[in-house]
Structure formats: C-alpha cells, structure tokens
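Here's the structure we're looking at; comments come further down.
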Ligand SMILES: Cc1cc2nc3c(=O)[nH]c(=O)nc-3n(C[C@H](O)[C@H](O)[C@H](O)COP(=O)(O)OP(=O)(O)OC[C@H]3O[C@@H](n4cnc5c(N)ncnc54)[C@H](O)[C@@H]3O)c2cc1C
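Numbering (this note's numbering), first residue to last: 781 to 1105.
The structure is reproduced here in structure tokens:
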C-alpha cells in the first residue's frame, strides 16, 4: 500500500473544500513520506482545468460516460476500481454532501469505516491521529486507524489552511473504469443547493448573528433592535433558518454564507464547526453566551458570559446612547 489519494470534487469549478482536503492530504503525505495522489470522477466532456489544482505526484482522471452526472452507484463502483489499482494507504475526501452520500459505502467495500467530518490531524510517531467533534462541538475525540487496510477519512470545511498551496501541473493518468448502465440503479436529480444568496452578507461590515439561544421566533426583536442600533445586517445559525424564523439567505456557515465583516456578534450561538467556518474570517468577534464553555468563545476576541435577554437590551441601549452623542 502506498500513497495518499485525495478524491476531488468538481461542480462547475474546484471547490474550496477539495483544496482543503488536498491540504490535509499533503500534510499526511509529508509526515508519512508517501506520494500525494489525486482523483476526480468525471464524464467524457470533463470541462475542469486540471492545471488549476496544486501539483500532485499523480492525478487520476476517472472518466466514463456514466460518470457525467453524479450517482452513488457510479462513483462508488468507479472509485473502488481505482482504489484497488492504486492501493493507497489513505483515501481522503472533502466532507461534502456528495461525499456523505457515497463514501461510507465505498469504505465499506474495503471492510473499512469512514472517519468522517475530521477537523484536525496530528501525528504520534508518524502515525496520524484524526480529531472529530462530538456532542455538537463540546468534545473533541481522537481516532486512530488500526493500520489494517486502507484508512478512509473526510475533511470538514475550514479545518485545514490552503494558504501555502499553489497551482501547478501534475502528471495526469486517465483511468477508464468498467461500468455498465445496469449497475447504475439510481437516477440523478437536481443537485442539492445551499441557501440562496439574495441577501449579500459577504459585503456587510457589521453582522449581528442569532442562534438557538433566542429560544423562539417571538424573541427575535431583541437582536433585531441591536442590529438596527449598530446599522448591522442580521445573520443566523442554521437552526434559526431551518425553523423558518429567518430566511435561509441569512444563514452563516458551511451550508450558508461565508462572511468576513469588521465586527461579528454571535448571540446565543454555540460555535459548531459548521457555523465557525462561515464566520471565522471576521476581523473581530464578540460572543454572548450563557455557557462559559461554549466553543464560540475559542474564536471570540471579546466574550460576554451571560443571559442574552439581559445583555443584548443593555448593549442596544448603550449603543443608542453613544450614537446620540
Ligand atoms: C451538514 C451540516 C451543515 C450545517 N451547516 C450549518 C451552517 O451553515 N450554519 C450553522 O450555523 N450550522 C450548521 N449546521 C448545524 C451545526 O452543526 C449546529 O447544530 C448549529 O450551528 C447550532 O446552532 P446554534 O449555535 O444556534 O444552536 P445550539 O448549538 O443549540 O447553541 C445554542 C447556544 O445558545 C446558548 N444559550 C441558550 N440560552 C441562552 C441565553 N438565554 N443567553 C445566552 N446564550 C444562551 C447556549 O449556551 C448554546 O451555546 C450544519 C450541520 C450539518 C450536519
């Protein structure tokens, strides 16, 4: 077994998550002294520019007419054939919706489980220790692969930096899997789309974001008043939008918008990784949460441990007072 094989995703462009999975793969390849390999499954008219990717030791273009549109059957069968041929020590995926759909099954074909949603990687005597979050980010758990067989992992958004990765030409090898139409039992429908971006939070200078700590929709005016006083846009964590309390376009996070305002106020938000990846580029973060151990405080520049129903009205009054001066 040799190599770290990163399975890339192309959906009209190379996703940021694919680059982050490559960053994790590159670190793994460096530490375990193995070649860094890439793979992308695609149809015959694949429009992707392979030269836009970081330079890899080898890039496999897994091409077949039945792979033009994603299906779990097609991708699993095709990638399993490539993995059998390459026999890598590690297979690394970006933790996308598509990967969640087929990667556990692919891993099971090799009698392995997928170590999914990894947010960190460290090494003990050159052996990787994968970090996953449990209980909505309250605990971090270490996972070690037994070493018997291939290790399959998927990488959560925002966990690995791509700053020092630059594009460069790789040696490309076309791999044609054996697939027949009868093996692909599912019919693809329109791909999942993250929330619509009719409100452009990405250009907002100040955002007041509200989370489940607000308890019910009728309490939203508490944070709306603060947003208005600050001249801020209103953002939200996913449960608020899932409940229909605010429209989906106000959602910040991995399946919402990525924002980088000068000031981000997180009100009653715990700081799950899926939320953090959408806002951790903010210049300054203020968190208001009654739980002093909430993970949001790890990324906050200023933290207020307290009941938002007391803190936010007091803050709103203070802002109004200052602005009147
Ligand atoms: C595939 C996937 C994609 C996801 N995408 C996103 C995404 O894009 N964006 C996103 O946000 N989440 C996303 N999530 C969900 C994410 O995992 C968390 O469940 C979510 O972010 C939690 O939202 P929250 O912090 O508002 O709620 P909770 O985790 O329930 O936290 C509520 C917080 O409010 C605090 N609180 C309660 N009462 C008060 C009070 N009176 N005063 C002060 N503080 C109080 C609590 O201490 C707690 O920390 C995704 C999850 C999955 C699986």
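Even for Gly, the Cβ is constructed at its ideal location relative to N, Cα and C.
Under 8 Å between the Cβ atoms of residue i and residue j?
| i | j | result |
| --- | --- | --- |
| residue 1053 | residue 913 | yes |
| residue 1062 | residue 1040 | yes |
| residue 1083 | residue 1077 | yes |
| residue 853 | residue 963 | yes |
| residue 986 | residue 1012 | yes |
| residue 957 | residue 844 | yes |
| residue 959 | residue 857 | yes |
| residue 1020 | residue 1058 | no |
| residue 1036 | residue 1069 | no |
| residue 1079 | residue 1095 | no |
Rounded to whole angstroms, what's the CA-CA distance from residue i to residue j? Just pull it up for me.
| i | j | result |
| --- | --- | --- |
| residue 797 | residue 815 | 21 Å |
| residue 801 | residue 874 | 5 Å |
| residue 1067 | residue 1043 | 11 Å |
| residue 952 | residue 865 | 15 Å |
| residue 1092 | residue 979 | 24 Å |
| residue 837 | residue 785 | 10 Å |
| residue 893 | residue 981 | 38 Å |
| residue 900 | residue 890 | 24 Å |
| residue 792 | residue 927 | 36 Å |
| residue 830 | residue 961 | 27 Å |
| residue 1065 | residue 884 | 36 Å |
| residue 907 | residue 819 | 23 Å |
| residue 824 | residue 870 | 27 Å |
| residue 1102 | residue 1060 | 28 Å |
| residue 997 | residue 1038 | 24 Å |
| residue 965 | residue 851 | 9 Å |
| residue 809 | residue 1023 | 42 Å |
Spatial neighbours of residue i within its chain, please: CB distance less than 7 Å, with the 5 preceding and 5 following residues excluded, ordered by chain position.
| i | result |
| --- | --- |
| residue 1089 | 1002 |
| residue 897 | 875, 912, 934 and 936 |
| residue 834 | 802, 945, 946, 947 and 948 |
| residue 799 | 942 and 945 |
Based on the DSSP secondary-structure assignment, which residues constitute the bridge partners of residue i?
| i | result |
| --- | --- |
| residue 870 | 784 and 931 |
| residue 1050 | Partner(s): none; residue 1050 has no beta bridge. |
| residue 989 | 1015 and 1046 |
| residue 910 | 901 and 923 |
| residue 1069 | 1085 |
| residue 894 | 932 |
| residue 1102 | Bridge partners of residue 1102: none, in fact. |
Determine the DSSP secondary structure at residue i, reduced to helix, strand or coil.
| i | result |
| --- | --- |
| residue 1035 | coil |
| residue 1015 | strand |
| residue 1001 | helix |
| residue 861 | helix |
| residue 900 | strand |
| residue 832 | helix |
| residue 937 | coil |
| residue 1064 | strand |
| residue 847 | helix |
| residue 841 | strand |
| residue 818 | strand |
| residue 979 | coil |
With a CB to CB cut of under 8 Å and the five nearest residues on each side skipped, what residues in its chain are close to residue i?
| i | result |
| --- | --- |
| residue 1138 | Look at the range of the chain in this structure, 781 to 1105, and you will see that residue 1138 is not part of it. |
| residue 1099 | 1006, 1009 and 1010 |
| residue 822 | 790, 828, 841, 842, 843, 847 and 848 |
| residue 921 | 911, 912, 913 and 914 |
Which same chain residues, not among the five before or five after residue i, have their C-beta less than 6 Å away from its C-beta?
| i | result |
| --- | --- |
| residue 1046 | 989, 1067 and 1076 |
| residue 806 | 816 |
| residue 955 | 840, 842 and 862 |
| residue 1074 | 1050 and 1051 |
| residue 903 | 811 |
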